[in-house]
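2 protein chains.
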Amino acid sequence: MKNLYATMVAGCMAISCLCVQAQESGKTTNDDGQWTMPARNHAATRYSGMDQINAGNVKQLQVAWTFSTGLVHGHEAAPLVVNDTMYIVTPYPNYLYALDLKQEGAPIKWVYKPHPDRASQGVACCDLVNRGAVFVDGKIIFNTLDVHTVAVDAESGKEVWKTKLGDINLGETMTMAPLAVKDKVFVGNSGGELGVRGWLTALDVKTGKQAWRAYSTGSDKDVLIGPDFKPPYPQDQGKDLGVSTWPPGQWKMGGGGVWGWLSYDPETNLIFYGTANPGPWNPAQRPGDNKWTSSVFARDADTGAAKWAVQYNPHDLHDYDGVNENVLLDLDINGQKRKIMMHPDRNGFMYMMERQTGRIISAPQFAYTTSIKSINLENGLPELVQDKEPRQGQLVKDICPASPGGKDWQPSAWSPRTRLLYVPHNHLCMDVTASEVSYIAGTPYVGMEVTMKKGPGDYGGVFSAWDPVAGKEAWSIKEHYPVWSGALVTAGDVVFYGTMDRWFKAVDAKTGKELWRFRTGSGIIGQPITYRGPDGKQYVAVLSGVGGWSGAVVAGGLDTKVPYGALGFVNAMKDLPKDTATGGMLYVFAIPDAK
Amino acid sequence: MKNLYATMVAGCMAISCLCVQAQESGKTTNDDGQWTMPARNHAATRYSGMDQINAGNVKQLQVAWTFSTGLVHGHEAAPLVVNDTMYIVTPYPNYLYALDLKQEGAPIKWVYKPHPDRASQGVACCDLVNRGAVFVDGKIIFNTLDVHTVAVDAESGKEVWKTKLGDINLGETMTMAPLAVKDKVFVGNSGGELGVRGWLTALDVKTGKQAWRAYSTGSDKDVLIGPDFKPPYPQDQGKDLGVSTWPPGQWKMGGGGVWGWLSYDPETNLIFYGTANPGPWNPAQRPGDNKWTSSVFARDADTGAAKWAVQYNPHDLHDYDGVNENVLLDLDINGQKRKIMMHPDRNGFMYMMERQTGRIISAPQFAYTTSIKSINLENGLPELVQDKEPRQGQLVKDICPASPGGKDWQPSAWSPRTRLLYVPHNHLCMDVTASEVSYIAGTPYVGMEVTMKKGPGDYGGVFSAWDPVAGKEAWSIKEHYPVWSGALVTAGDVVFYGTMDRWFKAVDAKTGKELWRFRTGSGIIGQPITYRGPDGKQYVAVLSGVGGWSGAVVAGGLDTKVPYGALGFVNAMKDLPKDTATGGMLYVFAIPDAK
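First to last, the protein sequences are chains V and B. Each number in our numbering corresponds to the 1-based position in the first sequence with 6 added. Each number in our numbering corresponds to the 1-based position in the second sequence with 6 added.
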């Protein structure tokens with residue numbers, strides 16, 4: 007008992023330390039009352055030290071004010087709050103609203119409209135979402151669907167620069183939230199379902215000029231793999247694997263988009279991010295490991311030089327992208343202080359990795375799986391279930407997780423108080439039939455007919471609390487639909503998340519007990535945040551507005567009788583139109599003053 | 007003083023009597039906890055006897071739940087509440103949602119989608135609004151933009167009947183809320199800006215079959231003018247005035263749509279409603295009185311036979327439709343009990359009329375006007391200001407009210423407690439140039455270039471309390487934009503209305519003092535209602551979602567640099583995009599239970 011207690015205390019101290027570091031790495035993030043990047047800090051903890059709203063009083067929460075974006079596609083973004091202004095980036099056409107928190111009801115301060123190319127709507131795989139902006143150096147920086155990054159002056163709303171990064175005619179789009187580190191901002195592309203070649207690009211914050219680009223496929227030179235590259239596992243070691251692990255030339259249309267989350271460790275100056283699925287989905291068309299798709303990279307933030315990489319899912323069979331968040335924590339594991347990152351992968355396993363080396367410390371299952379038995383800690387490889395491999399012209403049934411994974415982009419939150427990771431995720435399976443597909447630039451390049459369904463027990467989502475040290479779930483809540491929103495946790499020991507059937511929920515961070523809920527207008531797939539208003543009060547904000555891949559059946563008005571719609575997601579969400587319409591709306595909550 | 011006191015008491019008694027009668031005339035309306043037609047009752051008072059929420063505690067009001075329609079056109083409808091179900095009819099595509107109030111957060115019970123012809127969007131003059139449905143005989147009945155009336159089973163959501171009433175190829179649309187009386191439902195058409203010929207049609211509630219149709223122009227036979235017709239003023243007396251007061255054949259494309267409000271007096275079995283502007287707007291193309299445009303009709307509810315009519319604006323010059331509400335009251339005027347109706351007309355004058363005869367008792371000015379000096383009570387005619395008449399090829403400036411009138415469709419509310427009529431209205435002027443226009447079926451037929459602007463003092467709207475007996479305003483509140491929402495007043499002596507810049511307000515019914523306000527997501531042009539929930543609590547509900555004619559600049563994404571947009575309304579609303587985006591959202595408010 008004594009040892010366990012000592013371990014816990016050490017763990018807590020280490021965590022506190024990490025969080026302070028992470029907050030200090032961004033100039034503006036050491037004020038708990040602001041929210042300057044979607045993941046809250048470079049460590050991506052989505053934890054706020056505010057505790058005015060807490061487990062004891064959260065039941066008194068009420069709507070303080072609301073704001074409509076007037077748009078009906080999926081609203082996945084996190085609002086930002088900087089200097090008493092709230093910034094909201096919308097789905098296509100990617101408006102950026104600044105709302106003046108100093109005035110009652112937060113009127114519009116300005117709106118910036120980038121006017122993205124309309125044709126970009128035609129090449130986006132999965133609704134027209136945007137996952138948010140970042141504040142840095144007096145600018146709000148975000149991506150537009152038509153593959154541009156824009157910097158807007160945070161005060162005036164004037165465009166500072168706008169950089170074209172890719173080509174919608176090749177199927178490229180951008181939906182991810184940039185990460186800013188020092189004088190650079192990192193952005194990546196989407197388009198794995200259209201044979202796009204993935205990349206991460208660093209732009210100069212002041213000018214928008216490209217500092218470097220690291221492709222996810224191709225030669226070591228293109229991937230920015232050089233002498234410093236030290237991948238921990240043999241299958242990731244070798245020259246030009248981004249070419250040689252593909253059929254000739256296939257890497258050029260091989261996917262590996264970078265549309266997910268980035269984290270940054272100031273101590274090692276490393277950024278961490280994952281790459282998306284290989285293209286096409288049909289694995290028969292791409293024998294080989296297909297590096298560096300479904301992988302994670304650690305790169306030097308200044309030069310982009312790769313330090314290590316691990317391919318989670320070599321020769322990915324099921325669209326198991328590696329783009330999910332990497333939450334950076336300093337934990338005490340078996341009496342040892344470890345600098346780790348937590349990565350709940352699409353494949354259903356919870357990777358705890360040493361972030362200096364990429365070595366996997368543990369990778370227990372966190373979601374229901376039939377396609378992978380376990381992760382081999384010796385070589386980092388998943389042990390596949392052979393009869394779940396897609397076959398051309400044959401129906402393969404009950405592959406779990408389905409393509410959106412045990413968990414998709416919806417980001418987790420970490421509390422240094424409870425030492426739990428709060429993970430919004432999916433509970434989905436699928437039946438698939440592979441087929442030969444030809445590459446035509448800018449058109450779907452999938453080669454897989456997919457029908458998804460809710461997992462065993464007929465529910466589609468789970469919100470769970472994960473104990474990294476114990477390597478197991480602390481508690482979990484079943485939800486009817488995939489939990490496609492982000493999570494937020496606070497020093498008030500309250501966790502917030504939203505559901506696709508229109509509930510915004512507050513649960514006890516320790517027990518998962520539901521403390522409060524509110525019925526929003528549309529389903530929630532956004533990222534909740536909290537901030538301190540100019541009046542000193544704590545507010546909680548979230549966008550509702552169903553859509554995204556999971557909500558495409560509603561946002562795209564898809565026919566529920568066509569199960570293959572939205573890459574097969576429609577079949578698992580046939581009942582969603584009965585629960586929610588679309589409609590982008592910001593809700594801001596507070597505990598009312600006594601009257 | 008003694009006499010005045012006696013008058014007041016008598017007045018109160020008379021009013022109470024009227025209100026009870028009005029409520030008893032509809033089977034379901036004698037329960038104050040329900041809301042079965044947009045105007046609350048056949049007398050169109052929009053008054054609720056509920057008083058849980060009152061002037062003393064309304065400041066505690068909070069959002070109970072919300073619901074998004076997922077649509078971005080103007081939301082002008084009143085929700086209905088019947089048997090613990092809320093019904094919402096949306097703008098085009100005119101979905102009908104049933105929300106189950108018995109369950110927490112009011113989940114969708116069913117949605118009925120009528121699939122109106124897409125082309126109807128192209129002929130609607132002023133956004134794609136719908137003003138609501140009516141509950142009668144177990145059915146929800148409403149109109150679709152493509153000129154159909156639909157009856158849907160209130161319990162199951164199944165279509166009972168659907169009747170085609172007109173032709174979008176002629177420019178006809180339907181946006182009005184039907185009124186139901188006994189076994190009939192009354193519906194009318196829109197399209198005065200497209201040379202439509204107006205009509206009111208009675209349909210059988212059970213079958214949807216047409217019982218009768220009364221045109222607004224044409225022969226007495228078509229207008230259902232027969233031996234019972236006794237108009238009070240000479241200019242409205244004569245044979246076939248609906249033909250003879252027009253240039254030959256012009257009555258066929260002469261406007262006079264019936265897109266506004268109807269009231270019903272069970273004592274006389276009369277319905278009352280107004281007709282819209284003549285077509286085209288250019289008055290030079292239609293010399294004559296242009297009967298029966300810009301008029302009010304009293305008709306037998308069973309046969310449609312006209313009992314009387316008054317043409318408010320003969321040979322209308324400024325698009326002063328006569329479609330505004332007629333609120334039926336029994337008042338004590340100068341010691342006499344009078345059965346009256348109150349009609350705040352587009353022309354800026356507040357008509358108090360005897361509803362058995364149509365005689366105008368008084369018609370003082372309630373809005374700012376430059377185009378009409380006064381209403382002559384001898385003959386019922388407006389005394390026009392000659393130099394405000396539009397002239398072909400010449401700019402005529404500073405015509406007030408502008409085309410949307412001193413007041414447009416936005417309906418008033420009457421409190422029998424305060425004996426005040428609460429009038430949401432406009433404060434707009436315009437500059438116009440008339441031009442010759444040719445009639446082409448289904449295309450704009452206006453012949454007037456209009457530029458509107460806010461009225462003197464640079465504000466666009468007013469919410470005022472009108473004392474009918476005194477014939478003057480009791481108090482008023484200036485608003486930056488036209489007050490385009492309906493009004494609601496309760497026995498708690500609270501008046502509710504919404505603004506286009508996103509405030510939902512509660513003001514003291516006696517003094518106009520603001521008691522509470524809430525910032526909705528989008529501007530409000532809907533009609534607030536109140537109801538009793540299954541838990542016995544009082545709720546207040548309103549749709550936000552800016553649009554309509556006044557909000558077309560936002561809902562239609564119109565260019566603010568083109569002042570003639572939306573028939574000139576854009577110029578008066580250039581600043582609206584800075585204050586609100588679109589987005590249809592229902593807000594339901596209540597006073598929270600102590601926690």
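Built from N, CA and C at the ideal position, the CB exists for glycine as well.
If you check the CB distance, residue 259/B and residue 451/B come in under 8 Å. Close partners of residue 587/V in chain B (Cβ separation under 7 Å): 74, 75 and 76.
In the displayed model, residue 288/B falls within coil according to three-state DSSP, outside both helix and strand. Under the three-state reduction of DSSP output, residue 64/B falls in the helix class. Contact of residue 205/V with chain B by beta-carbon distance below 7 Å is absent, the smallest such distance being about 33 Å. Listed by position along chain V, the residues whose Cβ is nearer than 8 Å to that of residue 71/B are 524 and 525.
The three-state secondary structure of residue 175/V, taken from DSSP, is helix. Residue 590/B reaches chain V at 74, 527, 587 and 589, counting residues in chain order whose Cβ is nearer than 9 Å. Closest in C-alpha terms to residue 273/B, from the list 307/B, 91/B and 243/B, comes 307/B. With a minimum length of 4 residues, the unbroken runs of alpha helix (DSSP H) contained wholly in the stretch 530-592 of chain B fall at 558-561.
Under the Cβ distance rule, residue 68/V counts among the residues neighbouring chain B, one pair being separated by less than 8 Å. Where residue 227/V is concerned, the enclosing alpha helix (DSSP H) starts and stops at 226-229. For the C-beta of residue 413/B, not a single chain V residue is nearer than 7 Å; the gap to the nearest is close to 26 Å. By alpha-carbon distance to residue 532/V, the top candidate from 544/V, 555/V, 542/V and 539/V is 555/V. Per DSSP, the unbroken beta strand (DSSP E) holding residue 500/B starts and ends at 500-504. The three-state secondary structure of residue 398/V, taken from DSSP, is strand. At a cut-off of 8 Å between C-beta atoms, residue 422/V does not count as an interface residue with respect to chain B. Identification of chain B residues near residue 584/V by a Cβ-Cβ cut-off of 7 Å yields 114, ordered along the chain. Where residue 323/B is concerned, there is no enclosing beta strand (DSSP E), because DSSP gives it neither an H nor an E.
Secondary structure of residue 247/V (DSSP, three-state): helix. Where residue 482/B is concerned, the enclosing beta strand (DSSP E) starts and stops at 478-485.
Ranked by Cα distance from residue 380/B, the first of 513/B, 354/B and 44/B is 354/B. For residue 443/V, there is no enclosing beta strand (DSSP E), as DSSP marks it with neither H nor E.
Scanning chain B for C-beta atoms nearer than 9 Å to the C-beta of residue 598/V yields 66, 68 and 598, reported in chain order. Contacts with chain V at 8 Å (Cβ-Cβ) include residue 601/B.
With contacts defined by Cβ atoms closer than 8 Å, residue 314/B and residue 364/B form a contacting pair. Sequence-distant partners of residue 346/B (beyond 5 residues in either direction) whose C-beta falls short of 8 Å from its own C-beta, in its chain, are 334, 335, 336, 337, 339, 358, 359, 360, 361, 367 and 474. Distance check between residue 525/V and each of 510/V, 517/V and 593/V places 510/V closest, using alpha-carbon atoms only. For the pair of segments examined, the stretch 180-200 of chain V was found to touch the stretch 125-143 of chain V: the number of CB pairs separated by less than 8 Å reaches three.
Under the DSSP assignment, residue 129/B falls in the alpha helix (DSSP H) whose first and last residues are 126-129.
A Cβ-Cβ separation of about 7 Å places residue 284/B in contact with residue 300/B under the 8 Å criterion. If only complete runs of 3 or more residues are kept, the stretch 360-432 of chain V shows the beta strand (DSSP E) at 366-368, 378-381, 388-390, 401-405, 419-421 and 426-432, in order along the chain.
In this chain, the beta strand (DSSP E) harbouring residue 91/V covers 91-95. The beta carbon of residue 222/V is closer than 6 Å to those of 204, 262, 281 and 298 in its chain, skipping five residues each way along the sequence.
In this structure, the straight-line span from the alpha carbon of residue 320/V to that of residue 564/V is close to 33 Å. For residue 148/B, the enclosing beta strand (DSSP E) covers residues 145-150.
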